[in-house]
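Enquirer: There's a structure below that I have some questions on.
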Amino acid sequence: MSEFLVIVESPAKAKTIERYLGKKYKVKASMGHVRDLPKSQMGVDVENNYEPKYITIRGKGPVLKELKTAAKKAKKIYLAADPDREGEAIAWHLAHSLDIDLTSECRVVFNEITKDAIKESFKHPRAINMDLVDAQQARRLLDRLVGYNISPLLWKKVKKGLSAGRVQSVAVRLIIEREKEIEAFIPEEYWSIDGEFLKGKSSFEASFFGLEKEKISLKSEKDVKNILKQLKDDKFLVNSVTKKERRRNPAVPFTTSSLQQEAARKLNFRAKKTMMLAQQLYEGIDLGKEGTVGLITYMRTDSTRISDVALNEAAQYIESSYGKEYLSGEKKKEKKNTNSQDAHEAVRPTSIMREPTSLKEYLSRDQLRLYRLIWERFTSSQMAPAVMDTMSVDLKNGPVIFRANGSKVKFPGFMKVYVEGSDDQTEEKNNMLPNLKEGDEVLKKDIEPKQHFTQPPPRYTEARLVKTLEERGIGRPSTFAPTLDTIQKRGYVSLDNKRFIPTELGGIVLELILEFFPEILDVEFTAKMEKDLDHIEDGKENWVKIIDDFYVGFEKNLEKAEKEMQEVEIKDEPAGEDCEQCGSPMVFKMGRYGKFMACSNFPECRNTKAIVKDIGVKCPTCKEGNIIERKSKKRRIFYGCDRFPECEFISWDKPLARNCPKCDKILVEKKLKKGVQVQCVECDYKEEKQS
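Letter by letter, the sequence shown follows residues 1 to 691 of UniProt numbering.
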């Protein structure tokens, strides 16, 4: 019989931990929370110090019964849920359900699921931390008080199925405000003059800088013509040469939000997918003879701290794999975010010695890609800075100055392993310049003026929105992915080309909340609430007081909204065609996977159909049908003939209405990491890449 019972959240985690602990331990999974507030009612006694009413979650009865049976047989019970507020609350609920003394040393926490970390954590069990529990409970009750009061109001005044929450409402507000900025944006004209120059047989590029030593902005074609008039001939004199050495430091290891951002940029992962894969890597992967092993540390963290053991192992690996010169020569001080709880280490591999290539046969393609990203980021963070040789050259012709900037890598340092991605489309170029010195003469090969217009601020991608929420102190690492998921499911925003666009419904709901519950949408207020929750966790604030301070004003606004909020009728947008079953007009509806067409005679007629987008291209196979945009089961866009199944033409790349000038076959737009390229499906014809 097992002497000790260990309870974790998931079967995968249970399987990994049981192997490390040995025969005396039985490890079982609670499958997450076993108790929660009821779904059918508020579950918060506002009149009695906001006392929560917890019930056993539907479907968890058999799980709880099994845990109680195992608990009766065990000499000692350990609660080993995740090392955060949520995990502490799960442990607390389990302790209540299994009659475990809350002051006993029943709680075990670890940051990584490895043999050494598990064995060490069981040497230091502790009592349940009620400050952590209170912080999680306060968040849960606040969200319940907001959601279960505002949501029914929105159902009554707008439409059923809507919801409002502290973090999701602010996220929608940010997206809508950005859209308004874009709509109000007035482009401004500006010009540049780029030149190609020759030094002997070597050519290089330089751009107009100014007149004499003064930088000049070109705002019109008239300005450009004025500059070009002042050029005397095709000969330019090298007026000055400035050479410098620049050091570039590596990015710090991943936090939850930076992992979500980088996985979006480099792997094209949604935040939800990133967290799902990270959970799998954390809980453990079967590595054949080695057994099930947790490959990364806990993935919900806002700290960049690294343990001394991991730092020493990284130093050994880098020195042996790349050489001593690639080792960082100084102890890195992590930059601590002012909003950071710093409860755990950064997201890193549990062992740097476990290289991504060695795991290829055990991981799925996406698991391996995410693990490689985490491994490379951590490894590079412990490496020496890159050293760049930079060169700035001013070319003079009369009073006109052109400037050329060049750089080359002198020592790659951390860049040998990894370089952080960026939301911007521009990349740093390794641009070599010829060996120029003051007094040299160079020849103009070509000069090209270009007209430009200033661009509006970009719409939020998932990565940009996560970064903004984190910078403003809204929400916590564990809330970002579910928040982005919720605002899309509710139909408040949609994704177009991976960028958020607010819907009409999102705008209506936001205006109503802004009018009657302004504090919910106040970015500063929401950030302060997060700090208050941190203070509860630190034992500096009482959770009842924090909730009461919020609810007193909120309740008054709620009463006002009940009386004064007007009903809003959202009319369905006509689809411009009639139902083929009953003849009634078809209308556009918003569903879980976006817009679709439905009969306006619902519920008498339940006819629905997908929206077909004709791209205006004739099918190159059958020559009769038209190419339409379709979606696969995984929601990926592809293109096919509208005569399917008679014609089976399909293409992942968008076909164009013109043919290849070389072979007369079909041209397609191929999406690249940075931009789009038109190319032929048959021959080697390609057009210049568009960003």
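Cβ coordinates follow ideal geometry from the N, Cα and C atoms, glycine included.
Do you know offhand how far Leu558's Cα is from Ala346's?
Expert: 41 Å
Enquirer: Using the Cβ count rule (16 or more neighbours within 10 Å means buried), how would you classify Gly294?
Expert: buried
Enquirer: Using a threshold of 8 Å, state whether the C-beta atoms of Gly616 and Arg630 are closer than that.
Expert: No.
Enquirer: Let me know the secondary structure DSSP gives Lys333 once reduced to three states.
Expert: Reliability fails at Lys333, whose pLDDT of 44 lies under 50, so the model's placement of it is uncertain and the value that follows must be treated cautiously. In the structure shown, Lys333 sits in coil (DSSP, three-state: anything other than H, G, I, E or B).
Enquirer: State the beta-bridge partners of Lys631 as determined by DSSP.
Expert: Ile637.
Enquirer: Contact check, Met415 vs Ala384 under 8 Å by CB: the rounded distance?
Expert: Actually they are not in contact, since the Cβ atoms of Met415 and Ala384 sit about 10 Å apart, beyond 8 Å.
Enquirer: Between the C-alpha atoms of Arg139 and Asp223, what's the straight-line distance to the nearest angstrom?
Expert: 59 Å
Enquirer: Please report how far the alpha carbon of Glu205 lies from the alpha carbon of Leu228, in whole angstroms.
Expert: Straight-line Cα distance between these residues: approximately 17 Å.
Enquirer: Assuming Lys589 and Asp572 make a contact with CB atoms under 8 Å, what is their CB distance in whole Å?
Expert: 7 Å
Enquirer: Can you tell me whether His96 is buried or exposed, with buried defined as 16 or more other CB within 10 angstroms of its CB?
Expert: exposed
Enquirer: For Cys683, count neighbouring C-beta atoms within 10 Å of its own C-beta (all shown protein chains included) and say buried if the count is 16 or more, exposed if not.
Expert: Classification of Cys683: exposed, given that the 10 Å Cβ count is below 16.
Enquirer: Which residues share a DSSP beta bridge with residue 708?
Expert: No answer is possible for residue 708: the residues shown for the chain start at 1 and end at 691.
Enquirer: Can you tell me whether Asp82 is buried or exposed? The criterion is at least 16 other CB atoms within 10 Å of its CB, across all chains shown.
Expert: buried
Enquirer: Inspect the beta-carbon positions of Tyr685 and Pro655 and report whether they are closer than 8 Å.
Expert: no
Enquirer: For a cutoff of 8 Å on Cβ pairs, would you count Gln137 as touching chain E?
Expert: The structure shown contains no chain E; it holds only a single protein chain.
Enquirer: Since Thr292 sits in a beta bridge, which residues does DSSP pair it with?
Expert: Asp286
Enquirer: Would you report the Cα separation of Phe596 and Gln136, rounded to the nearest angstrom?
Expert: Taken atom to atom, the span from the alpha-carbon of Phe596 to that of Gln136 is near 39 Å.
Enquirer: Tell me the DSSP bridge mates of Gln451?
Expert: Trp191
Enquirer: With DSSP as the reference, label Leu78 as helix, strand or coil.
Expert: A quick correction: the sequence has Tyr, not Leu, at residue 78. Reduced to three states, the DSSP call for Tyr78 is strand.
Enquirer: From Trp155 to Lys119, what does the alpha carbon distance come to, in whole angstroms?
Expert: 52 Å
Enquirer: Assuming Pro502 is part of the beta strand (DSSP E), what are its boundary residues?
Expert: 499-502
Enquirer: Under the rule that 16 or more other beta-carbon atoms within 10 Å means buried, what is Val612, buried or exposed?
Expert: Classification for Val612: exposed.
Enquirer: Just the C-alpha distance for Val678 and Lys671, rounded to the nearest angstrom, thanks.
Expert: 9 Å
Enquirer: Evaluate contact between the segment 50-60 and the segment 17-29, counting only Cβ atoms and requiring at least three cross-stretch pairs below 8 Å.
Expert: no
Enquirer: Does the segment 385-404 come into contact with the segment 227-243, if we say contact requires no fewer than three beta-carbon pairs (one atom in each stretch) closer than 8 Å?
Expert: Verdict: yes, contact present.
Enquirer: For a test of the three-state rule: what should DSSP assign to Thr114, helix, strand or coil?
Expert: Three-state result, Thr114: coil.
Enquirer: To the nearest angstrom, report how far apart Lys225 and Ala184 are at their CA atoms.
Expert: Cα atoms of Lys225 and Ala184: separation of roughly 31 Å, rounded to the nearest angstrom.
Enquirer: Residue 712: which of Ile150, Leu267, Tyr371 sits nearest, CA to CA?
Expert: The question about residue 712 has no answer, for the chain in this structure spans 1 to 691.
Enquirer: Quick one: using the 10 Å Cβ neighbour count with 16 as the cut-off for buried, is Lys219 buried or exposed?
Expert: exposed
Enquirer: Would the segment 39-58 count as touching the segment 116-130 if we require 3 or more Cβ pairs under 8 Å?
Expert: no
Enquirer: Can you tell me whether Val309 is buried or exposed, with buried defined as 16 or more other CB within 10 angstroms of its CB?
Expert: Classification of Val309: exposed, given that the 10 Å Cβ count is below 16.
Enquirer: Quick check: the Cα distance between Lys272 and Ala481, rounded to an integer number of angstroms?
Expert: 5 Å
Enquirer: By Cβ distance, which residues of its chain are closer than 8 Å to Met353, with the 5 residues on each side in sequence left out?
Expert: Glu313, Tyr317
Enquirer: With H, G and I counted as helix, E and B as strand and the rest as coil, what does DSSP make of Glu3?
Expert: DSSP places Glu3 outside both helix and strand once states are collapsed to three, so it counts as coil.
Enquirer: Taking C-alpha atoms, which residue in Phe649, Leu141, Ile182, Phe209 lies nearest to Gly195?
Expert: Phe209
Enquirer: Let's test the definition: count the other Cβ atoms within 10 Å of the Cβ of Arg464 and tell me whether it reaches 16, buried, or not, exposed.
Expert: buried
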